[in-house]
Amino acid sequence: MTISFIKNENQKELYSKISILADRFSERAAKNDEEGRFPFENIEDLKKIGYTSLTVPKRFGGEGISLYEFLLYQERIAQGDGSTALSIGWHLGVMMDIEEKKEWQDDRIATMAANVLNGSLMNRAATEPQTGSPTRGGKPKTSARKVGDHWVVNGRKTFTTMSPALDYFLVIAAIEDTDQLGEFVIHRKLAGVTINETWDMISMRGTASHDLILEEVSVSEEDLVHVIDKKNAAPNGWLLHIPACYLGIALAARDYAIKFANEYSPNSIQGTIKDLPNVQRLVGEIEAELIHARHFMYSVARQWDETPNKAEFTSELGVVKYIATNTAISVVDKAMRIVGAKSLQRSNPLQRYYRDVRAGLHNPPMDDMTILNLSKSAFNSLT
Ligand SMILES: Cc1cc2nc3c(=O)[nH]c(=O)nc-3n(C[C@H](O)[C@H](O)[C@H](O)COP(=O)(O)OP(=O)(O)OC[C@H]3O[C@@H](n4cnc5c(N)ncnc54)[C@H](O)[C@@H]3O)c2cc1C
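Under full-length UniProt numbering, the letters of the sequence shown match residues 1 to 383, in that order.
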């Protein structure tokens with residue numbers, strides 16, 4: 001028995017609804033993975049329980065859930081299906097981020113909140129083939145030029161998670177004839193918006209993170225919602241949906257391995273392999289790693305919720321992601337060692353978890369940047 005992260009009746013009630021759905025998602029996961037298919041039904045199921053609007057602020061009629069609660073639910077969804085969790089995590093997280101930072105005009109936040117309450121989905125399309133991860137600071141090739149009272153946007157974004165289901169793409173573009181970058185809200189039905197189905201990765205196959213193509217897409221002046229100030233970038237608490245996702249996948253791997261060890265009984269031993277010291281050691285290590293990573297993640301999330309000055313969070317958020325994603329890789333590896341060669345069967349969920357947790361390394365922030373920033377901040381503390 002370990003400490004539960006569910007802290008009150010509201011959380012308990014919603015968590016149990018989400019658990020029912022997550023178990024259903026896990027039954028659909030193998031087929032979606034095999035076919036590289038977006039889990040439309042899962043997203044519809046989540047919409048039906050109001051999940052997709054949970055981060056809409058209370059002042060606009062939403063639930064305005066805390067970061068802690070967001071992670072609690074995301075982790076549970078990922079136990080059922082990592083691709084569904086990562087996809088809906090971007091959407092919910094972006095809404096949380098827009099409200100947290102208030103970089104958009106208030107009427108634009110209100111409009112997006114109303115759209116989300118009506119079932120619309122959004123995600124940021126920031127990555128491009130030429131820049132790689134936008135967190136590295138490369139300038140987007142996607143451009144926006146002013147024509148009369150409109151903006152005309154052209155470009156190609158890669159890794160656009162949930163592309164078949166999104167209503168709004170939040171596109172980062174270079175504003176022509178300036179050094180500025182802008183964030184534009186682009187509706188999928190606008191002329192010139194197409195999806196090129198390029199996503200054929202071995203990991204997170206259901207996220208349908210295809211390329212977004214923008215050809216002479218005309219948007220109104222107000223759709224430039226935010227001119228980006230790179231020098232004063234605020235911390236991104238909402239990005240902790242990424243560690244929650246990969247820890248959820250690791251929990252699913254742990255559950256599978258424990259159940260397997262409890263039942264598998266080769267005829268070289270009396271009883272099942274759960275009584276063997278080599279298996280018990282691996283299970284104990286898995287438990288220790290998960291307790292460590294989860295307590296750290298939820299503790300930082302709680303402090304985020306309770307601390308008004310978010311600027312204090314320069315180091316912890318990156319370290320949560322660093323520890324969680326590497327823990328997830330290690331836990332899945334150990335779960336597979338417990339199960340043995342059967343874990344490699346294509347019908348076995350462990351081989352999907354093994355592929356899926358690898359993707360965490362390539363979601364932001366990347367490990368090398370986290371470590372380098374920690375080192376810089378340690379030396380800066382001397383001055
Ligand atoms: C499952 C999944 C879902 C995603 N969803 C989205 C999404 O919805 N929206 C979105 O915008 N993006 C999304 N991404 C993209 C993600 O955020 C990264 O932009 C993408 O994975 C590319 O990162 P990279 O490190 O592989 O690429 P690169 O930045 O090209 O890096 C490749 C290699 O070069 C090195 N490198 C490159 N530049 C530098 C540098 N300046 N300094 C040091 N090292 C460098 C890196 O360390 C790495 O080893 C998603 C990615 C994945 C895997």
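Glycine residues also receive a C-beta, built at the ideal position from the N, C-alpha and C atoms.
Here the structure is a predicted model, which is why all the values come from computation and not from measurement.
Assumed close pair residue i, residue j - CB separation to whole angstroms, cut-off 8 Å
i, j, result
"Asn196", "His187", "18 Å between Cβ atoms; not a contact."
"Cys245", "Gln74", "6 Å"
"Thr161", "Leu86", "6 Å"
"Val219", "Trp151", "5 Å"
"Leu190", "Ala250", "With 8 Å as the limit, Leu190 and Ala250 do not qualify as a contact, their Cβ atoms being about 40 Å apart."
"Leu361", "Asp368", "Actually they do not touch by this definition, with Cβ atoms about 10 Å apart."
"Val217", "Val116", "Not quite, the Cβ-Cβ distance comes to about 22 Å (not below 8 Å), so this is no contact."
"Leu72", "Ile20", "Contact flag wrong, Cβ pair sits at about 15 Å."
Span separating the alpha-carbon of residue i from that of residue j
i, j, result
"Glu183", "Leu224", "6 Å"
"Ile77", "Val283", "23 Å"
"Glu100", "Trp90", "15 Å"
"Val227", "Thr178", "11 Å"
"Asp23", "Ser163", "24 Å"
"Thr370", "Ser299", "19 Å"
"Ile43", "Thr55", "16 Å"
"Phe296", "Leu240", "12 Å"
"Ala114", "Phe169", "16 Å"
"Thr314", "Gly80", "32 Å"
"Ser53", "Gly119", "7 Å"
"Ile108", "Ser343", "Correcting the residue identity first, residue 108 is Arg in this sequence and not Ile. Answer to the nearest angstrom: the Cα atoms are 49 Å apart."
"Ala301", "Asp97", "14 Å"
"Pro365", "Ala125", "16 Å"
"Gly206", "Tyr354", "15 Å"
"Arg337", "Ile242", "25 Å"
"Gly248", "Ser330", "13 Å"
"Leu374", "Ile323", "13 Å"
For residue i, the residue or residues it bridges with in DSSP
i, result
"Leu54", "Looking at the DSSP assignment, Leu54 forms no beta bridge with any residue, so it has no partner."
"Arg145", "Val152"
"Glu183", "Ile172 and His226"
"Ile195", "Leu212"
"Thr160", "His210"
"Asn123", "Phe169"
"Ser218", "Val152"
"Glu128", "Gly132"
Environment of residue i [buried if 16+ CB atoms lie within 10 Å]
i, result
"Asp33", "buried"
"Gly61", "exposed"
"Val320", "buried"
"Glu176", "exposed"
"Asn278", "exposed"
"Ser83", "buried"
"Met1", "exposed"
"residue 387", "In this structure the chain extends from 1 to 383, so residue 387 is not present and cannot be described."
"Leu372", "exposed"
"Val94", "buried"
"Arg254", "buried"
"Ala233", "exposed"
"Arg346", "exposed"
- Every unbroken beta strand (DSSP E) inside the segment 338-378 [3 residues or more]: none
- Entirely within the segment 30-94 and at least 4 residues each: give me those alpha helix (DSSP H) ranges in chain order. 40-48 and 67-80
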